[in-house]
Amino acid sequence: MFAYILRRVLTSIPLLFLLATLLFILIHLVPGDPSDLHIGDRFSPEYVEQIKKNMGLDQPVIVQYGKWLRNVALFDFGESFANNRTVSSRVLEALPNTLLLSTISLVLIFGLGVLMGIISAVRQYHLSDFILTLVSLFLYSMPSFWLALMMILLSAHFMPSWPLSGMVGEEIIGKLAAIQEAKEFGEPLTVHLSNWEILLDRARHLVMPAFALGIAGAAGVARFTRSSMLEIIRQDFIRTARAKGVPGRMVIMKHALRNGLIPVITLLGLYLPFLVSGAVLIESIFAWPGMGRLIVTAINQRDYPVIMATSLLLAFLVVIGNLLADILYAVVDPRIRYD
Amino acid sequence: MTESSSETPTFLLRDLPGLGQLLRGPHWVGLGLLLAFLLPFGILTFVPSRVLGTFNSLHLWGKGLLFLFLLLGLMGIWWKKVGIILFSSGIAFLLAFLLFGQQWFSLYFLVLSPLLVWRFGKPRKEGPRHGKSQWVLLSERFLRSNLAQIGLFGVMFFYLITFFGPFLWPMDPLLQVDAGNLKLVGPGTHGYLFGSDQFSRDILSRLIAGAWISMTIGLFAVGLSISLGFFFGLMAGFFGGWVEFVVMRLVDLLLGIPRLVLLLVVVAFFKDSVPSQYRMHLIVVILGLTGWMGTSRLVRGEVLTIKERDFVQAGRALGFSNLRLMVKHIAPNCLAPVIVSAALGIGGTILVEAALSFLGLGVPPPTPSWGSMVADGKEYLTKAWWISTLSGFTIVAAVVSFNLLGDGIRDALDPRLASKRLNRKQMDLAMKRAAEKERSEKEQDALMESPSELQKGAS
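Note that the protein sequences, when read in sequence, are chains A and F.
Residues in the first sequence are numbered consecutively from 1, following the working numbering.
Residues in the second sequence are numbered consecutively from 340, following the working numbering.
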């Protein structure tokens, strides 16, 4: 078991290396080079030459490749073109926000999805199964960005005060500024801001993007759980359990669910890329300051180092997610052979 | 056995394809066939000038090749050779996509569609009980489900819209009526059935025109990725060894990249070096190259099991070449799950294309596409809800159709799921047939008394 995990971890290292190489090749396949993207034709040839030198583009490809690998290993991607902050600081600022959003969505996806799947599997061909299947079909076929827009439209109509963009409400920002001001001038604090308030505000901002990001995934998990549970429910050991008088709920929760969830766990790994991709759209719509929005703005601004760093980091996240799913799968299902 | 008590005149049932199915079931398929048959006549009756205008605007090459492919298609229809029809329409579609554009294929399809439906779409007479091919059995199981039928109908409907689009849209989808009071007009007013957008363009017309982008990109990208995946999966599964190792590690690697992010990066990098009229082709190629991994895993798994089956071993023993074994014996037998993943894949590709267009990385404006229309409406969400809402509904409807179709085929393929709960009528029919079969088998046994004795003796 331990050996299996170790081997799995070790095999993912060349994968990471290959991913970095792939990205390097991809960027060098692109006609022109990054300095074109950076400066256009407004500058003199000497200046372009200087820029190329600064970016190391005058060196042979193999040297550039070595440098690129070194930068990847050190997570040093130089400075962003858009503003003169280092790329890693921008990325590290955005990463926790994305992780927060994705984690909440992931909980939503699997909590809601598994629940819906179980209900419709247990009540196969009943009305509730029909409705759940139909609803999940539609949610599954829905573009997440459109769902987000529709949620904005509805909430603008029915709950005008609900926050729809960003991560922190204006009220909180105002209070923070007031506190800052009071501290600077040494005045007594007139406004109070409890941690509870901040948390509540953050949660209010999270609801819409997390829901928009998670609901399509939940529908997918529901479809998957349903078919997996249906397969399990038809097996002999379930019938045996029922025959010996185990209560119905117990059969479902203890006997069927444990086996039915095994394939669902593989989905966990597959949903990470989905989450990451989905976050790109959802974060842009809700102005959530995460990795997805960072990459979209970077693409719009041609901010070359940021694009490289974010896409590489997202790919790494996915590799790690798949690794976790594989390990989890091996832990949960003792029938898997580790050799 | 079946008392046909139809009040509709028999000549209608005989000569109007789809009507029989519409009345007796499968109803949705009948509706689709009827639509495919009647739409071209409607178009020729109501907008003949548009058809003529489109034809006249073609240059000489376009006209010549149109006639050539039509002739080929007609030959296929006349001799009922599905292969010829598929070849003709497939190459024509590809030509339209690469060179001639939507209008050219609309003309082609306008002639072919009614003839095709007329020749193939009539209700089948009660066929023989025995000797049905596995495809016929598959289609029977498929049509038993109402949802699957709705999916098939939806897919037919959207492709009809796509192919007849230039004759169907009520206004020019690019036309900006130069009048200030027609911008952002609500649905059903001023002649805009679905409202107008910020440039006073008709939403309905743009939705119809946008179908060309979504549906063709979906079809060609999935076609490319399915072919690639099939090829790699077949190679990996059949040869094993280092081929398998390399292909499967490559698949692992590529599956590790979040697809949309990869697409964003690649499209963003490459789009400036590709002229805007070829952006659609760029997207097809990139979507195709990034989507084949799932299929190749699937095909490899199938090949691994089929490879060990007796008929393949027999082929080997007879000294068939690897190529022959692969192409003629293994490939057709792992086709079924690939069809399912293709149907589901087109839905997924439509979603991805919509997402790209939404971010402004799809086909450049003013060409309408569903995703970019949702993005257009984003700015006017509260002032003009219909722009985003209706274009989003269109995407959902198209993707749901493909998902229903794919699910339907998968359920029809999976014998474990075949024992569907039947309604009373179907149950009665099934019991009647079972009883009939039993009786006929008994009669057979009675007739074949002596041969069966003989067999017993022999074994």
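All C-beta atoms, glycine included, are put in the ideal place defined by N, C-alpha and C.
Under 8 Å between the Cβ atoms of residue i and residue j?
i              : j              : result
residue 618(F) : residue 691(F) : no
residue 382(A) : residue 223(A) : A query on residue 382(A) cannot be resolved here, the shown segment of chain A reaching from 1 to 339 and no further.
residue 207(A) : residue 264(A) : no
residue 356(F) : residue 461(F) : yes
residue 136(A) : residue 116(A) : yes
residue 203(A) : residue 144(A) : no
residue 154(A) : residue 697(F) : no
residue 707(F) : residue 588(F) : no
residue 148(A) : residue 212(A) : yes
residue 680(F) : residue 716(F) : no
Mind checking residue i: buried by the 16 CB within 10 Å criterion, or exposed?
i              : result
residue 585(F) : exposed
residue 349(F) : exposed
residue 572(F) : buried
residue 661(F) : exposed
residue 551(F) : buried
residue 724(F) : buried
residue 122(A) : buried
residue 96(A)  : exposed
residue 125(A) : exposed
residue 71(A)  : buried
residue 616(F) : exposed
residue 593(F) : buried
residue 85(A)  : exposed
residue 7(A)   : exposed
residue 225(A) : buried
residue 13(A)  : exposed
residue 322(A) : buried
residue 196(A) : exposed
Does DSSP classify residue i as helix, strand or coil?
i              : result
residue 541(F) : strand
residue 125(A) : coil
residue 79(A)  : strand
residue 706(F) : coil
residue 271(A) : helix
residue 86(A)  : strand
residue 428(F) : helix
residue 359(F) : helix
residue 342(F) : Summary for residue 342(F): the model assigns pLDDT 44, below 50, so the residue's position carries little reliability; its value from the coordinates is reported in the next sentence. DSSP places residue 342(F) in coil when its eight states are reduced to three.
residue 105(A) : helix
residue 528(F) : strand
residue 535(F) : strand
residue 649(F) : helix
residue 474(F) : helix
residue 194(A) : coil
residue 59(A)  : coil
residue 508(F) : coil
residue 659(F) : coil
residue 671(F) : helix
What are the boundary residues of the alpha helix (DSSP H) that includes residue i?
i              : result
residue 323(A) : 304 to 332
residue 642(F) : 632 to 646
residue 371(F) : 366 to 385
residue 453(F) : 441 to 459
residue 173(A) : 170 to 185
residue 237(A) : 236 to 243
residue 590(F) : 580 to 594
residue 747(F) : 724 to 752
residue 154(A) : 144 to 158
residue 300(A) : 291 to 300
residue 406(F) : 399 to 417
With a CB to CB cut of under 8 Å and the five nearest residues on each side skipped, what residues in its chain are close to residue i?
i              : result
residue 358(F) : 347, 351, 352, 369 and 373
residue 19(A)  : 312, 315, 316 and 319
Residues in the same chain with beta-carbon distance under 6 Å from residue i, minus the five sequence neighbours each way, listed in chain order, please.
i              : result
residue 194(A) : none
residue 259(A) : 232
residue 486(F) : 743
residue 700(F) : 606
Skipping 5 residues on each side, what residues in its chain have a beta carbon closer than 7 Å to that of residue i?
i              : result
residue 673(F) : 638, 641, 642 and 645
residue 299(A) : 307
residue 416(F) : 424, 454, 455 and 458
Less than 7 Å between the CB of residue i and some heavy atom of the ligand FAD, yes or no?
i              : result
residue 189(A) : The ligand FAD is not among the ligands present in this structure, which contains no ligands whatsoever.
What does residue i touch in chain B if you count any residue whose Cβ is under 7 Å from its own?
i              : result
residue 604(F) : Protein chains in the displayed structure are A and F, and chain B is not among them.
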